[in-house]
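> Residue numbering for the sequence shown follows my numbering, beginning at 12 and increasing consecutively.
C-beta atoms are modelled at their ideal positions from N, C-alpha and C, and glycine is treated no differently.
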Amino acid sequence: AKIESDMNSGVMVRGIADPAIQNDRVHGYQVEIDPSERAWTAGIYDEARRGWLHTLTGQDAARKALRKGDWNKFRVEAIGPSIRTWLNGVECANILDDETPRGLIALQVHAIGKDAAKVGQAIRFRNIRILTTNLQASRTPDRGDTPQFNHIPNTLTEREKKDGWKLLWDGKTTAGWRGAKLDKFPASGWEVKDGVLSVLASGGGEAAAGGDIVTVDQYENFDLLVEFKITKGANSGIKYFVDTGLNKGEGSSIGCEFQILDDAVHPDAKLGKNGNRTLAGLYDLIPPQNKRFNGVGEWNRAHIVVRGAHVEHWMNGFKTVEYERRTPAWRELVAGSKYTVWPNFGEAAKGHILLQDHGNLVSFRNIKIKEIK
């Protein structure tokens with residue numbers, strides 16, 4: 012492909028075109044052409060569906076691989092659930108996904124909106140070739156140099172296992188979890204079905220039905236991944252550094268919270284300060300930035316990063332919150348929040364991870380953790 016402008020485009024692999032779906036709009040896996048300052052060319056975007064599956068955040072060599080104004084060579088290996096991409100010999104993306112096993116190859120025409128400067132601009136393609144037989148013989152060995160994103164629910168790849176990832180929920184049972192105020196898993200209010208863990212609707216009360224659930228173990232430094240799906244008007248949350256010995260009365264257990272909320276409908280979105288009770292923020296403390304929400308009824312991916320006092324929230328590949336605990340700025344935030352009544356809130360060295368029961372139907376899956384020793 013030859014890119015002479017700032018035009019966005021892409022190469023669809025396993026694309027789908029169906030008159031019954033989005034009025035025949037081609038959707039599915041797209042190898043991105045992104046000559047913008049962001050420079051995510053050869054990242055993988057799930058067009059008109061789930062959004063980014065592999066951004067190039069933190070991959071400097073991949074982001075610099077595009078030669079603007081010159082011909083660029085793309086390579087895509089789509090073999091079974093594995094999709095990997097290269098740009099001018101630099102590996103860029105590596106995902107595992109089983110959403111679409113086969114489909115169309117397509118070249119994208121991207122809208123330019125009202126940007127008159129892009130009228131007449133072009134992206135050119137040539138030398139388009141495909142191999143469909145004896146693929147294992149030509150498959151590029153995975154040396155582990157490029158981050159791998161596994162989107163197959165409740166599974167771990169060999170790469171993930173080697174890197175220290177573990178399933179925090181096995182996708183089948185309640186092993187490893189208990190009620191936040193119980194010594195066992197709640198007898199009602201939660202459901203495990205078809206690889207999905209759901210807190211059931213019960214009228215919108217906070218921890219008033221089955222109650223919150225927490226991990227049996229506690230965690231200190233970690234990467235946590237959780238996929239979640241909300242229903243209209245729903246409220247929930249993913250908490251960490253949870254001390255179940257606090258707040259033994261009514262309401263939710265105490266800890267830092269990655270907020271899960273239908274911002275468009277739930278009234279809590281308009282409470283707090285400057286949006287600090289909205290989706291992907293640090294609840295009642297820090298509002299989110301760069302939010303990319305796949306929508307109500309769709310799966311979204313939360314990623315929480317903890318390195319000592321440093322914490323980050325990510326959603327669907329975009330960083331939404333970053334902060335330092337145990338600092339004067341942190342304590343000032345806490346003092347102006349509902350957590351001011353809890354001494355040293357958010358400063359514990361370790362704690363449980365919690366999924367919140369807020370009385371609305373919210374589903375979870377693909378819950379995995381990598382502890383950093």
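Which one of Pro299, Glu343, Pro354 and Ala359 has the shortest CA to CA distance from Arg318?
It is Ala359 whose Cα lies nearest to the Cα of Arg318.
> For a minimum of 4 consecutive residues, which ranges assigned as the alpha helix (DSSP H) are wholly contained in the region 232-259?
none
> Using a 10 Å radius around the Cβ and a threshold of 16 neighbouring Cβ atoms, would you call Val120 buried or exposed?
exposed
> So, helix, strand or coil for Gln33, using DSSP?
helix
> Relative to the alpha-carbon of Leu10, which residue among Lys381, Glu323, Ser263 and Phe356 has its alpha-carbon at the smallest distance?
As displayed, the chain neither begins before 12 nor continues past 384, which places residue 10 out of reach and without an answer.
> Three or more beta-carbon pairs under 8 Å between the region 146-160 and the region 98-109, yes or no?
yes
> Pop quiz: Gln270 and Gly248 are said to be a contact at Cβ under 8 Å. What is the actual Cβ separation, rounded to whole angstroms?
5 Å
> Would you list the one or two residues that DSSP bridges to Val366?
Per the sequence shown, the amino acid found at residue 366 is Leu instead of Val. Answer is Ile224 and Ile249, bridged to Leu366.
> Kindly give me the distance between the Cβ atoms of Leu67 and Arg74, rounded to whole angstroms, as I take these residues to be in contact under 8 Å.
5 Å
> Mind checking which residues open and close the alpha helix (DSSP H) that includes Gly146?
It is Leu, not Gly, that sits at residue 146 in the sequence shown. Per DSSP, Leu146 belongs to the alpha helix (DSSP H) from Leu146 to Ser149.
> Quick check: the Cα distance between Leu2 and Glu169, rounded to an integer number of angstroms?
A question about residue 2 goes unanswered here, because the residues of the chain that appear run from 12 up to 384.
> Please report the straight-line C-alpha distance between Phe375 and Gln132, rounded to a whole angstrom.
44 Å
> Ser159 to Gly260, Cα distance in whole Å?
A quick correction: the sequence has Gln, not Ser, at residue 159. Rounded to whole angstroms, Gln159 to Gly260 spans 43 Å at the Cα level.
> Whose CA, out of Val24, Ile94, His369 and Ile44, lies closest to the CA of Gly214?
His369
> Could you check whether Lys79 and Ile27 sit closer than 8 Å to each other, using their CB atoms as the reference points?
no
> Can you name the start and end residues of the beta strand (DSSP E) that Arg376 belongs to?
Per DSSP, Arg376 belongs to the beta strand (DSSP E) from Val373 to Glu382.
> Alpha carbon to alpha carbon, how far is Ala5 from Gly200?
In the structure as shown, the chain starts at 12 and stops at 384, and residue 5 therefore has no counterpart that could be examined.
> Express the C-alpha separation of Ile123 and Ile265 in angstroms, rounding to a whole number.
47 Å
> Is it the case that the Cβ atoms of Gly114 and Gly39 are separated by a distance below 8 Å?
Less than 8 Å divides the Cβ of Gly114 from the Cβ of Gly39.
> Hey, His324 and Leu372: beta-carbon distance below 8 Å or not?
no
> What are the boundary residues of the alpha helix (DSSP H) that includes Asp7?
Because the chain spans 12 through 384 in this model, residue 7 falls outside it and cannot be assessed.
> So, Val22 versus Val37, is the Cβ gap smaller than 8 Å?
no
> Quick one: Cα of Ala186 to Cα of Trp180, how far?
7 Å
> Can you tell which of Ser93, Asn311 and Ala31 has its C-alpha closest to the C-alpha of Ile241?
The residue with the shortest Cα to Cα distance from Ile241 is Asn311.
> Of the choices Asp274, Glu171, Asp17 and Phe233, whose alpha-carbon is the least far from that of Pro46?
Asp17
> Of all the options Lys302, Gln300, Leu257 and Leu178, which has the alpha carbon lying nearest to the alpha carbon of Val352?
Leu257
> Between the beta-carbon of Val225 and the beta-carbon of His363, is there less than 8 Å?
yes
> For the beta strand (DSSP E) that Val332 lies in, which residues bound it at each end?
Phe329 to Glu335
> Determine the closest residue to Leu208 out of Gly216, Arg288 and Asn165, with distance taken between C-alpha atoms.
The candidate whose alpha carbon is nearest that of Leu208 is Asn165.
> Got a sec, what are the start and stop residues for the beta strand (DSSP E) Asp57 sits in?
Ile55 to Glu58
> My output table needs one value for Glu343: the three-state DSSP class, helix, strand or coil.
helix
> Taking just the CA atoms, how far does Leu296 sit from Asp29?
Distance between the alpha carbons of Asp29 and Leu296 is about 44 Å.
> Do Arg342 and Ala320 have their C-beta atoms within less than 8 Å of each other?
no
> What is the rounded straight-line gap between the Cα of Ile94 and the Cα of His65?
10 Å
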